[in-house]
Amino acid sequence: MEPAVLNRERVALDKKNRMPMLFDDYSDEDFYGVQRKYSIVARVEVKFPIEPRYRDRQHYILSDINGAKIVAIATRYEIVKYFNSLLHEKHVYKMHNVWFGLNLGALINFRHLNGTMELYFTQQTVVEPYAVPVQMSPFPKTYILEP
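According to the numbering used here, the residues represented by the sequence shown are 4 to 150, in order.
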């Protein structure tokens, strides 16, 4: 009996190298019934203070290389404490396992300009500094405040 060769090159089953998701590349219908965790490259534009009452929520505004902005939210005390010390304004990060979801109400005043999506940091989110030089948009899209 011949020994089996286990180190053959696999072409069909290899994962494709995909570009990071941009905030403009989705619509609400794209997210029904599909995986919601993605890897993105984004810059932290604004880091809001931790909400003072229970210290269990913090908001960020992130922008991608096209200048599109989206709100990122960290909830639960341990997660807020971790991301507050890890993320700094005007730094670019590669974020894995971030969760995109719909903004379910008017509780949050900031929204993405072209949609109603929000980004959530979870316990599975991994953040690493992005060392590759990225040319961010010189004229970023503005975010709006809802009344």
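All C-beta atoms in this analysis are idealised placements derived from N, C-alpha and C, irrespective of residue type, glycine included.
Here the structure is a predicted model, which is why all the values come from computation and not from measurement.
Nearest-angstrom Cβ-Cβ length linking residue i and residue j, presumed shorter than 8 angstroms
i, j, result
"Ile76", "His62", "6 angstroms"
"Ile82", "Phe124", "6 angstroms"
"Pro136", "Tyr96", "The Cβ separation is near 14 angstroms, so there is no contact."
Minimum C-alpha distance to residue i - residue among the options
i, options, result
"Phe53", "Tyr41, Lys84, Lys40", "The amino acid occupying residue 53 in the given sequence is Ile; Phe does not appear at that position. Cα-wise, what sits closest to Ile53 is Lys84."
"Gly104", "Glu92, His91, Met120, Met98", "Met120"
Neighbourhood of residue i by C-beta, 7 angstroms cutoff - its chain only, sequence neighbours within 5 removed
i, result
"Thr78", "Asp59, Arg60"
Length of the line joining the Cα atoms of residue i and residue j
i, j, result
"Leu89", "Asn100", "16 angstroms"
"Pro55", "Asn87", "14 angstroms"
"Leu122", "Ile43", "11 angstroms"
"Gln126", "Tyr80", "11 angstroms"
"Tyr57", "Glu92", "23 angstroms"
"Val74", "Gln138", "21 angstroms"
Own chain partners of residue i with C-beta closer than 6 angstroms, once the 5 adjacent residues on each side are dropped
i, result
"Ile111", "Because the pLDDT at Ile111 is just 49, under 50, the model does not fix this residue reliably, and the point stays unresolved."
"Ala134", "none"
"Pro150", "With a pLDDT of only 44 at Pro150, under the threshold of 50, the placement of this residue in the model should not be trusted; the figure read from the coordinates follows. Within the same chain, Pro150 has no close Cβ partners at all."
is_contact[residue i, chain D] using C-beta, thresh 8 angstroms
i, result
"Val95", "This model lacks chain D altogether, as it is built from one protein chain only."
Same chain only: Cβ atoms within 8 angstroms of residue i, ignoring 5 sequence neighbours per side
i, result
"Val129", "Met98, His99, Asn100"
"Asp17", "Here the model assigns Asp17 a pLDDT of 47, short of 50, so the residue's position is not dependable and the matter cannot be decided."
Complete alpha helix (DSSP H) runs within the segment 61–95 (minimum length 4 residues, chain order): 80–89
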